[in-house]
Every structure is written in C-alpha cells, then in structure tokens.
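Chemist:
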Amino acid sequence: MKRIFLFLALFITAYTFSQQKRINYTAKIQSADEDKYPGAIILIGNVHMIHEGVTLDSQKALYYRNKNLFKALGEVIIEQGDSIIQYSDYADYNGNTKQAVSWGNVEMNDPTMKLKTDTLHFDRINQKLFYKTGGTIQDKTNTLKSIGGTYLLRNKKFIAKSNVTVTNPENNLESNHLEYYTNTGIAYLYGPSTVTNNKNKNKLYSERGFYNTKTDVSYFVKNAKLFLKERTIEGDSLYYDKRKGFASATNNITVIDTVKNFVTKGNYAEIFEEKDSLFIIDKAVAISVLEKDSLYMHGDKILVTGKPENRIVRTFNNVKIFKSDLQGKCDSIHTDQTTGLTRMFRNPVLWSGKQQITGDTIHLVSNLETNKLDSLKVLNNALIIQKDSLADDDFNQIKGRNIYGKFIENELRTLWVKGNAESVFFSRNEKTNKLETITKEIASSIEFELENNEISTIKYYTKSEGITYPPLDYPKEDRKLKGFIWREKEQPKVMQDIFTKDEKTEVKENIDVQNAKLNFARENATKKKKIASDRKNTRKSLKKGL
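Residue numbers (UniProt numbering): 1 to 546.
1) For Asn142 and Glu274, what's the separation of their Cα atoms in angstroms?
2) What are the complete alpha helix (DSSP H) segments, minimum 4 residues, inside the region 271–320?
3) Do three or more CB pairs link the region 238–247 to the region 205–222 at distances below 8 Å?
4) Output the distance between the C-alpha atoms of Gly95 and Asp123, rounded to the nearest integer angstrom.
5) Considering only their Cβ atoms, is the gap separating Tyr93 from Trp103 smaller than 7 Å?
6) Under the three-state reduction of DSSP, which class applies to Asp497: helix, strand or coil?
7) With a cut-off of 8 Å on the beta carbons, I'd call Asn183 and Thr112 a contact; round off their distance for me.
8) In chain order, what residues of the same chain lie with their CB nearer than 6 Å to the CB of Arg243, ignoring the 5 residues before and after it?
9) Could you check what DSSP says for residue 569 in three-state terms: helix, strand or coil?
10) So what's Thr16 in DSSP terms, helix, strand or just coil?
11) Starting from the C-beta of Ile287, find all residues in its chain whose C-beta is less than 8 Å away, skip the five residues before and the five after it, and write them out in chain order.
12) What is the rounded straight-line gap between the Cα of Lys132 and the Cα of Ile77?
13) Under 8 Å, with one C-beta from each stretch per pair, do the region 303–316 and the region 330–342 reach the 3-pair mark?
14) If you drop the 5 nearest sequence neighbours on each side, which residues of the same chain put their C-beta closer than 8 Å to that of Gly340?
15) Return the residue from the list Glu309, Trp351, Pro308 that minimises the CA-CA distance to Lys329.
16) Using a Cβ-Cβ cutoff of less than 6 Å, which residues in the same chain neighbour Asp139 once the five nearest sequence positions on both sides are dropped?
17) Tell me the rounded alpha-carbon separation between His48 and Ile125.
18) Find out if the Cβ-Cβ distance for the pair Gly405, Leu376 is shorter than 7 Å.
19) Going by other Cβ atoms of all chains shown within 10 Å of its Cβ, with 16 needed for buried, is Arg22 buried or exposed?
20) Can you name the start and end residues of the beta strand (DSSP E) that Lys372 belongs to?
21) Which residue's Cα is closest to the Cα of Tyr268: Asp300, Lys489, Ile280, Lys67?
22) For Ser88, is the classification buried or exposed, using 16 other Cβ atoms within 10 angstroms of its Cβ as the cut-off for buried?
23) How long is the line joining the alpha carbons of Asn396 and Ser445, rounded to whole angstroms?
24) Could you compute how far the alpha carbon of Lys203 sits from the alpha carbon of Asn223?
25) Would Ala100 pass as an interface residue toward chain D - the criterion being a Cβ-Cβ separation below 7 Å?
26) Can you pull the DSSP bridge partners for Tyr268?
27) Out of Glu436, Thr167, Thr432, point me to the one whose CA is closest to Phe426's CA.
28) Per DSSP, what kind of secondary structure is Lys489 in: helix, strand or coil?
29) Rounded to whole angstroms, what is the Cα-Cα separation between Lys260 and Leu189?
30) Can you round the beta-carbon distance between Asn380 and Asn402 to whole angstroms, since I take them to be within the 8 Å contact cut?
31) Within a Cβ cutoff of 7 Å, which residues of the same chain sit near Lys501, ignoring the five residues on either side of it in sequence?
32) Can you check which of these residues, Ala32, Asn68, Lys36, is closest to Asn24 by C-alpha distance?
33) Can the beta-carbon of Ser83 be found closer than 7 Å to that of Asp110?
34) Does DSSP classify Leu368 as helix, strand or coil?
35) Hey, would you say Asn424 sits closer than 7 Å to Lys440, going by beta carbons?
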C-alpha cells in the first residue's frame, strides 16, 4: 500500500511539473559561475525572457533552471500582451507560480492608468498587482495615493484600506477604505471618508457610499454629512450633485444654519445652493436655538430661501410651535430672519403659561442682536383667555382690537390691550377659594403684567363702564365674550405634540358653523330679493292687463 501511495505522489508531482512550462530566454552572452551563482545561468546584454504570454527584457539576468526562476536587473521591462507594461530596476519572476516582484523605481502602465511605487507584486494567475510600501496611481482624472493597495487588472479596480487620497484640480478625497475604478473614475467608500472642494472648501463626509470623480455626483448611506459655506446637512442617506449645486437627503435629517444659529429637521430634504434654498418635509421642524430654551416650529412643509442677509422661512399646513413657556398653532407661518418678524396666519393661537391668545393675525418679533424673543402683536379681534383653576366653565377674558406684548429673557412679562378693551374676571375668596364676584369692565385700553406666566397686576385706561355681579346674578350669555373659543385640546403640551395632527378641532367646527350661517344668510337674502322682484313684476303685469 505504501508503494501505491508513493507512486501516486510521484505521478502527481511529475504531472504538476509538466504543467509548469519552462521559461524561454535569449541573450548576447550566456555563462555560468558556480562559485558565485550556484545553479544559475548568467545572461548579459539584450536579455529577453518569454513565459506564457508575458515577456521580460533587461540588461542582465540570472536564470535558475531547477527552480524555473528568473532574476533580472538593469532597465527591466515586463509586458503582458497589450494590457500592461512595467518598468523597474530589478525584478524576480517565478515561472512555476507565475508571480513577479519588481523593485526600484517601479512604474506600471495599462490603458487607463499609471502606477508608481518602490516595490510591486504581480500575481499573474489572479491578474492582480499589489504594493505595501506606498504607491501612486494616476489616470486621466485623478491622482491616487496610499500606503498599501491592490489593483485588479480584469475590471480596472483599485482597492486600498489605509490613508488613501484621490486628488484632482477641483477636489480632494481622503479615505481609509475605498475601491476605485480607473475606467469610470467612480470611488466606492467603505470607511470614514471626506471629499473637500479645493475652491470653496465645501466638504462631504460619509462612512459608506460612492463618489463619481468625473461628474462630481455622490451618494452616501452611512453617517452622511455635507458641509456647505453656511449650512451643514446630515442624514441617513445623502445625494449631492456639486456641479448642479443640488443635494437631497433622506431620513433623520438635520440642517444646521451656521450663520443664524437655526436648525431644520425632517425625513426628506432638498437643497439648492445657487438659490440658497432648502425644502424639507415629513416631520419637518425648524428650531430657533435660543439661550437655554429653543423654539420648535413644525409644519407639513418648511421652505427656507435667501442668503443669510435676506433669509425667509415659510412653514405650511398644520403648523405648531413649542417652547417651554410658549406654544402656538396656525395654518402657516412666515419668518423674516433679517427683521426677526414671525407672522402667524389663519386661526392663529398662542398659549403663554395659563393664557390663551387669539386674533386674526399674530406677530412674534425677535431681537436680532441677542436672538431672543422681544415682542408680540395680536392684530384684530384680539382675545386673551385664562381658565379658572377651580371651575371648568369659568374663564377670565380680555378682549380688544389689538394686543401688544413684551418679552424679557424670552418670557412674556407685559401685555397691552389697545382699543375697545373689555374684560370679564372671576374673583375668588383667597382663603376658601369660593367664587364671590364676576366683574365686567369696558375701557379704551388695559395693561397687565405677568409673573411666572400668571397675571399679577392690571391697569385700566379711560374706563367707560364697570359692573360687578354676584355669581348667580351675572347673565349667562355674557360669561363668554364675543369670539370666545377654548382651544386647550389643540395645545402641544410637550415638544413631541407638535407632530400630532388634530383630527377635528373646535376651531374648524366653529368656522364651519359660521360659514354655514353666512351661506344661509346670503342664500336667504337672495331668495328674498327674488321674491320681492317677482311680486313687483307681477303687479306691473296685472296693472297693464287691467
């Protein structure tokens, strides 16, 4: 049995050796020196080697026949068909393993690129080149440098996993792991990578994605960040076309305005650099970063346009505002960051502490220097309501043409009711909390101050009428001033509430009722006019007939 195994081993070895073709060579001078180069044939002058589709030329070489090993030196040139040509000072080529090692001023060219390094390994079986001591690849578009790298000849792919740079006149890419295709100029990134624009210093960062160095189009899918001159965009995925100045981001997006200290978030965004505009939807929220307490503004859509010196923020549909001591709701908001003016439209409401503030239009004004809330304007049909703490149906109310407020350190501290001011207040015994009187006042203006978001002092100007009633004697129909709507259910109590849509609000019901009444009145008036006209025409006809 041992003889059989020995015979098989010898047969396999002989068969394998027969498959390893001998290196063929020519040279001007052939000699041997067993003392200095035992087992080697010394080749000098116009040395030419051929082995299975590859040729090697040099000035001098040693060929070890038993090992099928060729050692060349002096102006070494290795060629493989028309795919590669390689230059070096020295090279070893093993005909059995089809492996070559070149060193000393190595330069390799193929139809798409040029590679330079100190030592280059060539695996002919797998058609793979690699180096470990630093190298440079240059194609028509880029120059790539890395400490170590592998180049696959079949698909023109370069792989590097440490300290890689890809540069061209416009951009500089740095990565610790990428795959770069020299025929397309596309880099696939698998580790922390940064692309920097050499002109405007804009930056892209990602840990996974691809970047087309020829078209300047990139798509990143892990920890993606885009650093523009005045904005930083982050998201789960990011698409960026630098030449068009367009970027889009998806999921967990954060856009930071580095000039205005303003943050926008959502799940889908589009950015247009030339127009300096941002469009964001899907849980869109704009955050004004205030000292210790930021203001959050949510809507179905947020549109930011204009450069910092002329920037406008528009928030559309189902808008809600949250700040720890100030909340709001309306249909749309327009903010001019150059003036600090924020305007709330269509059924706006604000809640400050226990006060509910409504009007046809509400304005909030910020101080541009301190970036803090400065003042408040409630224009037309202004109404302030504060629910009595011990009775669900009792509400302190102040109504007027307009209301003006003043903030101190982002807290509402003073309110003025200007024009046709009237109020209803429920007074309770300080000890028993029993309701004692209800007072209705009418004045030209009312001023009151707040402490800890509660009314502390009240001043009436040019009183025209004031009546105090016992609770049972106060007319029920006068307990609520005209335009009264209690909208507590719509108030966002915590920041997360700004994303909750109200299915059917009291405001909508009230508007629907008012519209229905107006339509009925109009239709009724039209019918009455038609009936009167018909009667008149009938009388004329009767007179003519008589």
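Virtual Cβ for every residue (Gly too), placed ideally from N, Cα, C.
Modeler: So, to answer that:
1) Taking the first residue of the sequence shown as 1, we reach residue 142 at position 142. Taking the first residue of the sequence shown as 1, we reach residue 274 at position 274. Cα to Cα, Asn142 sits roughly 27 Å from Glu274.
2) none
3) yes
4) Translated into positions along the sequence shown, residue 95 becomes position 95. Translated into positions along the sequence shown, residue 123 becomes position 123. About 11 Å.
5) For this step, residue 103 is matched to residue 103 along the sequence shown. For this step, residue 93 is matched to residue 93 along the sequence shown. Their beta carbons are not under 7 Å apart, which means Trp103 does not touch Tyr93 by this criterion.
6) Along the sequence shown, read from residue 1 onward, the residue named residue 497 stands at position 497. If DSSP states are grouped into helix, strand and coil, Asp497 belongs with the helices.
7) As a first step, residue 183 must be located in the sequence shown, where it is residue number 183. As a first step, residue 112 must be located in the sequence shown, where it is residue number 112. Rounded, the Cβ-Cβ distance is 5 Å, consistent with contact.
8) What you label residue 243 is simply residue 243 of the sequence shown in a count that begins at 1. Answer for Arg243: Asp216, listed in chain order.
9) Summary: the structure shown does not reach residue 569, with the chain confined to residues 1 through 546, and so no result is reported for it.
10) Numbered from 1 along the sequence shown, position 16 holds the residue referred to as residue 16. Residue placement at Thr16 is poorly supported in this model, since its pLDDT is 40, which falls under 50; the coordinates still yield a value, given next. DSSP places Thr16 in helix when its eight states are reduced to three.
11) The residue you call residue 287 lines up with position 287 of the sequence shown. For Ile287, where only same-chain residues beyond five positions count, the Cβ hits under 8 Å are Phe262, Val263, Thr264, Lys265, Ser294, Leu295, Tyr296, Met297.
12) Here residue 132 corresponds to residue number 132 of the sequence shown, with the count starting at 1. Here residue 77 corresponds to residue number 77 of the sequence shown, with the count starting at 1. Their backbone Cα atoms lie some 21 Å apart in a straight line.
13) yes
14) Locating residue 340 in the sequence shown gives position 340, where the first residue counts as 1. For Gly340, where only same-chain residues beyond five positions count, the Cβ hits under 8 Å are Val365, Ser366, Asn367, Leu368, Asp374.
15) Locating residue 329 in the sequence shown gives position 329, where the first residue counts as 1. It is Trp351.
16) Taking the first residue of the sequence shown as 1, we reach residue 139 at position 139. Here the set comprises Thr112, Met113, Thr182.
17) By 1-based counting over the sequence shown, the position of residue 48 is 48. By 1-based counting over the sequence shown, the position of residue 125 is 125. Roughly 21 Å between the two C-alpha positions.
18) Here residue 405 refers to the residue found at position 405 of the sequence shown. Here residue 376 refers to the residue found at position 376 of the sequence shown. For Gly405 and Leu376, yes; Cβs fall inside 7 Å.
19) Within the sequence shown, numbered from 1, the residue matching residue 22 stands at position 22. Flag for Arg22 reads exposed.
20) Translated into positions along the sequence shown, residue 372 becomes position 372. It spans 372–387 - the beta strand (DSSP E) in which Lys372 sits, taken as one unbroken run.
21) Start at 1 with the first residue of the sequence shown, and residue 268 comes out as number 268. Of the listed residues, the one whose Cα sits closest to Tyr268 is Ile280.
22) Reading the sequence shown from its first residue, position 88 is the one you call residue 88. Buried, since its Cβ has 16 or more Cβ neighbours within 10 Å.
23) Stepping through the sequence shown from its first residue, residue 396 is reached at position 396. Stepping through the sequence shown from its first residue, residue 445 is reached at position 445. Cα to Cα, Asn396 sits roughly 17 Å from Ser445.
24) Within the sequence shown, residue 203 is the residue found at index 203, counting from 1. Within the sequence shown, residue 223 is the residue found at index 223, counting from 1. Computed Cα separation, rounded: 14 Å.
25) You won't find chain D in this structure, because it holds only one protein chain.
26) Indexing the sequence shown from 1 puts residue 268 at position 268. DSSP output for Tyr268 lists Thr250, Ile281 as bridge partner(s).
27) For this step, residue 426 is matched to residue 426 along the sequence shown. The candidate whose alpha carbon is nearest that of Phe426 is Glu436.
28) One-based indexing of the sequence shown puts residue 489 at position 489. DSSP places Lys489 in helix when its eight states are reduced to three.
29) Counted from its first residue, the sequence shown places residue 260 at position 260. Counted from its first residue, the sequence shown places residue 189 at position 189. Distance between the alpha carbons of Lys260 and Leu189: 33 Å.
30) Here residue 380 corresponds to residue number 380 of the sequence shown, with the count starting at 1. Here residue 402 corresponds to residue number 402 of the sequence shown, with the count starting at 1. At roughly 7 Å, the Cβ-Cβ gap stays under 8 Å, so Asn380 and Asn402 are in contact.
31) Residue mapping note: residue 501 aligns to position 501 of the sequence shown, counting from 1. Asn318.
32) Reading the sequence shown from its first residue, position 24 is the one you call residue 24. Nearest of Ala32, Asn68, Lys36 to Asn24, Cα basis: Asn68.
33) Locating residue 83 in the sequence shown gives position 83, counting from the first residue. Locating residue 110 in the sequence shown gives position 110, counting from the first residue. Yes, the pair counts as a contact, with Cβ atoms nearer than the cut-off.
34) Against the sequence shown, residue 368 aligns to sequence position 368. Reduced to three states, the DSSP call for Leu368 is coil.
35) Translated into the one-based positions of the sequence shown, residue 424 becomes position 424. Translated into the one-based positions of the sequence shown, residue 440 becomes position 440. Correcting the residue identity first, residue 424 is Val in this sequence and not Asn. In contact: Val424 and Lys440 (Cβ atoms closer than 7 Å).
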